[in-house]
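Participant: Read the sequence shown against the working numbering and you will find it ends at 212, with the numbers running on by one and no gaps. Glycine included, every Cβ here is placed at the ideal spot set by N, Cα and C.
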Amino acid sequence: MVKIVKPRYEILTPINGEEILKLIELAGRTCYKSNDLITPDSAKGFVERIAKRGHESVIEHYNITVRFICNRGFTHELVRHRLAAYSQESTRYCNYTKDKFGSEITVIKPFEIEENTKEFDLWKSAMENAEKSYMAMMENGSKPENARGVLPIDIKTEIVITTNLREWKHIFELRTSKAAHPSMRELMIPLLKEFQSKIPVIFDNIEPNT
3 MVKIVKPRYE ILTPINGEEI LKLIELAGRT CYKSNDLITP DSAKGFVERI AKRGHESVIE
63 HYNITVRFIC NRGFTHELVR HRLAAYSQES TRYCNYTKDK FGSEITVIKP FEIEENTKEF
123 DLWKSAMENA EKSYMAMMEN GSKPENARGV LPIDIKTEIV ITTNLREWKH IFELRTSKAA
183 HPSMRELMIP LLKEFQSKIP VIFDNIEPNT
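1. For my contact list, Val68 and Leu23 are in at a C-beta cut-off of 8 Å; report their separation, rounded to the angstrom.
2. Put Phe48 into one of helix, strand or coil per three-state DSSP.
3. Kindly indicate which three-state DSSP category Glu91 falls into: helix, strand or coil?
4. By the three-class DSSP mapping on this structure, what secondary structure does Glu12 have?
5. Give the straight-line distance between the Cα atoms of Val162 and Gln90, rounded to the nearest whole angstrom.
6. State the CB to CB distance for the pair Ala132 and Val152, rounded to an integer number of angstroms; the pair is presumed to be in contact (CB under 8 Å).
7. Here's the rule I'm using: 16 or more other beta-carbon atoms within 10 Å means buried, otherwise exposed. How should Pro154 be labelled?
8. For the segment 98-115 against the segment 133-153, are there 3 or more C-beta pairs whose distance is under 8 Å?
9. Within 10 Å of its beta-carbon, does Met129 have 16 or more other beta-carbons around it, so buried, or fewer, so exposed?
10. Should the segment 54-63 be called in touch with the segment 24-32, which here means at least 3 C-beta pairs below 8 Å?
11. With a threshold of 16 other CB atoms inside 10 Å of the CB of Thr93, please say whether the residue is buried or exposed.
12. Decide yes or no for the touch test of the segment 114-128 against the segment 138-149: beta carbon pairs closer than 8 Å, at least 3 of them.
13. I think Ile110 touches Pro42, with their Cβ atoms under 8 Å apart; what is that distance to the nearest whole Å?
14. Note the first and the last residue of the continuous beta strand (DSSP E) segment covering Thr164.
15. Bridge partners for Ile26 per DSSP, in chain order?
16. Using a Cβ-Cβ cut-off of 8 Å, state whether Met3 counts as contacting chain C.
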């Protein structure tokens with residue numbers, strides 16, 4: 003039986019916004035040899051000033067790692083952001099007939115398809131047919147790397163991304179916009195809001211276009 007779950011994310015890097023700004027200030031003041039101007043509360047003002055000037059290379063000095071539980075359509079778009087490190091669940095090596103996977107495939111519920119509708123029933127039927135084909139191929143001796151060809155784009159996957167704050171800013175600017183795919187906005191908007199609540203200044207000027 004196909005398992006249907008909602009997408010989610012998990013921030014893996016402990017975030018202390020004040021310490022992040024202090025590190026950025028320490029690195030950034032190297033350019034001006036103005037480390038003597040550092041005070042216990044000078045970091046926010048310094049980062050605000052460099053942000054206004056567009057000196058965003060300085061915010062590359064800090065990386066954040068996030069795990070996404072999502073579908074493969076999401077990851078196909080995410081990995082187009084090249085200035086990042088990625089580790090992703092591999093359908094080549096994962097055998098979904100095994101107990102560790104519940105002997106079933108898990109799929110991500112589409113954001114815009116409501117339950118108890120004809121559209122949802124058609125989607126669910128397609129997921130179930132994909133699972134049946136996958137299980138049949140595996141029972142017939144196929145390798146996971148071959149049987150995966152029948153798996154749907156809505157198959158659940160996990161991907162861990164590590165990248166710097168400047169690239170996160172770029173990701174949020176693109177992936178929370180009105181033009182972004184709904185499944186992207188579903189996760190990226192709340193993630194952006196969490197970043198904004200934990201890290202002062204850096205992401206304040208990004209407003210998802212609703």
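Facilitator: According to the structure shown:
1. About 20 Å; that fails the 8 Å criterion.
2. Note: Phe48 maps to helix in three-state DSSP.
3. Glu91: coil per DSSP, three-state reduction.
4. DSSP places Glu12 in strand when its eight states are reduced to three.
5. Distance between the alpha carbons of Val162 and Gln90 is about 6 Å.
6. Right, the Cβ-Cβ distance comes to about 6 Å (below 8 Å), so this counts as a contact.
7. Around the beta carbon of Pro154, 16 or more other beta carbons lie within 10 angstroms, which makes this residue buried.
8. Counting Cβ pairs under 8 Å, three or more are found: they touch.
9. The Cβ neighbour count for Met129, taken over all protein chains shown within 10 Å, is at least 16; the residue is labelled buried.
10. Yes: at least three Cβ pairs fall under 8 Å.
11. Residue burial is scored here from C-beta neighbours: Thr93 has at least 16 other C-beta atoms within 10 angstroms and is therefore classed as buried.
12. With a cut-off of 8 Å, the segment 138-149 and the segment 114-128 do not count as touching, because too few Cβ pairs lie within range.
13. Actually they do not touch by this definition, with Cβ atoms about 45 Å apart.
14. Looking at the DSSP string, the run of the beta strand (DSSP E) that includes Thr164 is Lys158 to Asn166.
15. The partner list for Ile26 (beta bridge, DSSP) is empty, contrary to what the question assumes.
16. No chain C is present in this structure, which holds just one protein chain.
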